[in-house]
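The sequence shown begins at 12 in our numbering and counts up by one.
Have a look at the structure below before the remarks.
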Amino acid sequence: MTEQNFAAMRSAMIASQLRTVGVNDPSVLAALETVARERFVPSSRATLAYVDTAIPLGDGRALNTPLASARLINEAKILQTDHVLLIGAATGYLATVLSQLAKHVVAVEADPALLAIATHELNGLGNVSVVDAPLTAGAPAQAPYDVIIIDGAVEEVPAALLDQLKPGGRLATGHVDHGVTRLAVGHKSLGGFGLVPFADAACVIFPAFSKPKAFAFS
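What follows is the structure in structure tokens.
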């Protein structure tokens with residue numbers, strides 16, 4: 012595969028997978044067109060970089076689908092002045108895309124192997140910081156954030172993350188609801204926070220965000 016082949020696949024992904032489902036923010040599309048996703052997947056799976064499928068990265072983690080990631084950042088309405096927290100840096104792909112949309116990006120990763128890859132790939136980006144921390148903890152030292160992106164599906168959003176979001180801030184995430192993954196966005200107000208689903212979509216699941224199991228008598 013050549014760079015021209017990958018560039019053609021990237022353009023086809025944008026035209027056939029993303030524009031057709033409402034990913035229409037010009038700045039988001041331009042960022043997705045610029046970032047070579049094949050750089051961020053294992054070389055043995057490079058040909059799958061622009062297929063709408065999750066790509067296994069080892070130890071139960073996977074790079075989220077192009078459609079899910081793109082729809083999350085599209086719905087988050089990121090501004091060039093925004094301070095963004097990304098939960099799940101993985102190999103650094105989405106943080107690279109976000110670096111072109113936001114003023115500053117803090118990318119959190121807990122998996123040691125993925126952390127090493129993300130740190131290497133994002134090293135040259137002056138507006139991205141990589142933080143080694145549990146995904147559920149976020150990065151409170153650099154809070155508050157205008158936007159939080161959870162690049163995967165969760166059963167619930169921990170209060171620890173919501174505490175890091177500014178009043179009026181946006182949070183976009185995948186949401187696991189009775190076994191179905193949906194994409195959702197919410198706004199934080201003085202009255203609280205609520206997620207509003209906007210699409211059913213395949214999305215990688217973050218087990219660390221599972222709800223505690225209710226006690227049941229045997």
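All C-beta atoms in this analysis are idealised placements derived from N, C-alpha and C, irrespective of residue type, glycine included.
Leaving out the 5 sequence neighbours to the left and right, which residues in its chain are closer than 8 angstroms to Pro208 when beta-carbon positions are compared? For the purposes of this step, residue 208 is taken as residue 197 along the sequence shown, with counting starting at 1. The residues are His186, Asp188, Arg193, Leu194 and Ala195.
Assumed close pair Gly99, Leu146 - CB separation to whole angstroms, cut-off 8 angstroms: For this step, residue 99 is matched to residue 88 along the sequence shown. For this step, residue 146 is matched to residue 135 along the sequence shown. Yes, Gly99 and Leu146 are in contact; Cβ-Cβ is about 6 angstroms, under 8 angstroms.
Which stretch, first to last residue, makes up the beta strand (DSSP E) that contains Tyr156? Position 145 of the sequence shown, counted from the first residue, corresponds to residue 156. Per DSSP, Tyr156 belongs to the beta strand (DSSP E) from Tyr156 to Val165.
Nearest candidate by alpha-carbon position, reference Val141, set Leu40, Leu43, Arg82 and Ala101: Along the sequence shown, read from residue 1 onward, the residue named residue 141 stands at position 130. Taking only the C-alpha atoms, the option nearest Val141 is Ala101.
Among Val116, Val95 and Arg30, which has the Cα closest to the Cα of Ala79? Working through the sequence shown from its first residue, we reach residue 79 at position 68. Taking only the C-alpha atoms, the option nearest Ala79 is Arg30.
Do you know offhand how far Lys199's Cα is from Asp162's? Counting from one through the sequence shown, the residue named residue 199 turns up at place 188. Counting from one through the sequence shown, the residue named residue 162 turns up at place 151. Between Lys199 and Asp162, the C-alpha separation is close to 19 angstroms.
Cβ-Cβ distance between Asn85 and Asp157 below 8 angstroms: Taking the first residue of the sequence shown as position 1, residue 85 is located at position 74. Taking the first residue of the sequence shown as position 1, residue 157 is located at position 146. No, the Cβ-Cβ distance between Asn85 and Asp157 is not below 8 angstroms.
By how many angstroms is the C-alpha of Gly202 removed from the C-alpha of Val215? Your numbering for residue 215 matches position 204 in the sequence shown. Your numbering for residue 202 matches position 191 in the sequence shown. Looking at the two C-alpha atoms, the distance is approximately 30 angstroms.
Could you give the first and the last residue of the continuous beta strand (DSSP E) run that contains Thr184? What you label residue 184 is simply residue 173 of the sequence shown in a count that begins at 1. Unbroken beta strand (DSSP E) run through Thr184: Leu176 to Asp188.
Out of Thr107, Arg72 and Leu112, point me to the one whose CA is closest to Ala129's CA. In the sequence shown, the residue the question calls residue 129 occupies position 118. With distances taken between Cα atoms, Ala129 lies closest to Thr107.
What does Ile216 pair with, by DSSP beta-bridge criteria? Here residue 216 corresponds to residue number 205 of the sequence shown, with the count starting at 1. Ile216 pairs with Ala164.
Cα-Cα separation, Pro178 to Asn16: Sequence index remark: in the sequence shown, residue 178 carries index 167 (1-based). Sequence index remark: in the sequence shown, residue 16 carries index 5 (1-based). For Pro178 and Asn16, the distance between alpha carbons rounds to 44 angstroms.
Of the listed residues Arg72, Pro155, Leu133 and Pro151, nearest to Ala121 (C-alpha basis): Counting from one through the sequence shown, the residue named residue 121 turns up at place 110. The candidate whose alpha carbon is nearest that of Ala121 is Arg72.
Exposure label - Pro77; buried when at least 16 CB within 10 Å: Translated into positions along the sequence shown, residue 77 becomes position 66. Classification of Pro77: buried, given that the 10 Å Cβ count is 16 or more.
Roughly how far, in whole angstroms, is the beta-carbon of Arg181 from the beta-carbon of Ala87, given that I think they are within contact range, below 8 angstroms? Stepping through the sequence shown from its first residue, residue 181 is reached at position 170. Stepping through the sequence shown from its first residue, residue 87 is reached at position 76. About 5 angstroms; that satisfies the 8 angstroms criterion.
Do Ala65 and Asn75 have their beta-carbon atoms positioned less than 8 angstroms apart in this structure? What you label residue 75 is simply residue 64 of the sequence shown in a count that begins at 1. What you label residue 65 is simply residue 54 of the sequence shown in a count that begins at 1. A contact, by the Cβ cut-off of 8 angstroms.
Grouping DSSP H, G and I as helix and E and B as strand, with all else coil, what is Ser22? Within the sequence shown, numbered from 1, the residue matching residue 22 stands at position 11. In this structure, Ser22 counts as helix in the three-state DSSP scheme.
Go through its chain and collect everything with a Cβ distance to Pro151's Cβ below 7 angstroms, but skip five positions before and after it. By 1-based counting over the sequence shown, the position of residue 151 is 140. The answer, listed in chain order, is Gln175.
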